[in-house]
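Take 3 as the starting number for the sequence shown in our numbering and just add one per residue.
Below you'll find the structure, written out as structure tokens, and then a few comments.
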Amino acid sequence: MISPPNSQPHAAASGVSLPLSDESNRSDRLDLSEQSAQCTLAHSVEQTGVGLHSGVSVTVRIHPADPHAGRCFRRVDLPNAPCISATIDAVDQTTLSTELRAGEATVRTVEHLLAALLGVGIDNALIEIDGPELPLLDGSALPWVDAIQRAGVVPQAAARSTVTLQAPFWYQKGDAFVAALPAPELRFSYGIDFAEQAIGNQWHSWSPQQDSFAAAIAPARTFVLARQIDHLRTLGLIKGGTLENALVCDGDQWVNPPMRFANEPARHKLLDLVGDLSLLGAVPQVHFLAYKASHHLHTQFAAQLRPQLTYSG
Ligand SMILES: [Zn+2]
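Okay, here's the thing in structure tokens:
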């Protein structure tokens, strides 16, 4: 989210218990097989926190929703409580986070919660929020995953759509790109390359069939470059940024270690990609490969990929 096309993190103290390896929590592996049922939450859950860019404290309540409802945000602080669908058509601006719009109603920095919902297998949810931006929490998707898993994930009497892609498709801007390649299993791979020595060139590849989202991706926190902080603040951004919710990279060192993973920045970019691609609704069985991309590139790619996809069921 805060991470620009290429940047990196810091380690925020969070009090969460971290997995010892990507091999843990195998029982949580996401089942995205063609015949699997749609899922929703067993109970409603609530989270309160401050938005990274707005600095505004908000409360989020995630409720179960009917089959085929998808994921919708309801701005309960606005007149008539308008709903904003979490779909690629609703994408508004993408400056350092993904913002959705329906009419005059907007909701910002949706990517970490959306990634968590996909990562734990939630298809249908109503997300009430009393402000303009999702809370950043510890900068990762882990608090969302923990809250949803505490509530429980329940199957519904409706099958997921089957989505297929017949031929490779990519979207490129300069040396940055996002690609989708038909593959025997769903996989996400992400590469970044920064001048900052603490980040440099790093990659991560994740398959939901091999590692759980909760263990391998959700704990990775957002990051920012120390040299960009003053500029971002003059733009009115990162008002809610602290050393507790974003990794800060200062050249060859991290301002607030320890890291949760050696390649935590690459994993966080992958987390952002999962959240942005979830705006497609149903994810095709492909290998997504991204390099030096951004929320803008992720969502542009998704919008252009959709006409290439075949939905059934
Ligand atoms: Zn992010």
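C-beta: ideal position from N, C-alpha, C; glycine also.
query: Inter-residue spacing [alpha-carbon to alpha-carbon] between C41 and A160; result: 9 Å
query: Straight-line Cα distance separating L102 from Q95; result: 7 Å
query: Extent of the continuous alpha helix (DSSP H) to which T236 belongs; result: 228 to 236
query: Proximal residues to V58 (C-beta, below 6 Å), its chain only, five neighbours per side dropped; result: G133
query: Beta-carbon proximity of V147 to V109, cut-off 8 Å; result: no
query: Where the beta strand (DSSP E) containing R103 begins and where it ends; result: 101 to 104
query: Close beta carbons around S38, own chain, < 6 Å, minus the five adjacent residues each side; result: R162
query: Opposing strand residues paired with K175 [DSSP bridges]; result: A178
query: I90 and L282 closer than 8 Å at C-beta; result: yes
query: Contact under 8 Å by Cβ, S87 with H55; result: no
query: Uninterrupted beta strand (DSSP E) stretches inside the segment 55 to 92 (no shorter than 3 residues); result: 59 to 66, 73 to 77, 85 to 87
query: Ordered list of alpha helix (DSSP H) runs contained in the segment 246 to 286, each at least 4 residues; result: 266 to 279
query: Three-way DSSP call (helix, strand, coil) for L98 in this model; result: coil
query: Residue burial classification, H324 (beta-carbon count within 10 angstroms, cutoff 16); result: Outside the shown range of the chain, which is 3 to 315, sits residue 324, and nothing can be said about it.
query: heavy atom of ligand 1 below 7 Å from A96 C-beta; result: It should be pointed out that residue 96 corresponds to Thr in this sequence rather than to Ala. No, Cβ of T96 sits at least 7 Å from all heavy atoms of ligand 1.
query: First and last residue of the uninterrupted alpha helix (DSSP H) at A305; result: 297 to 307
query: H114 beta carbon near ligand 1 (any heavy atom closer than 7 Å); result: yes
query: Where G243 falls: helix, strand or coil (DSSP); result: coil
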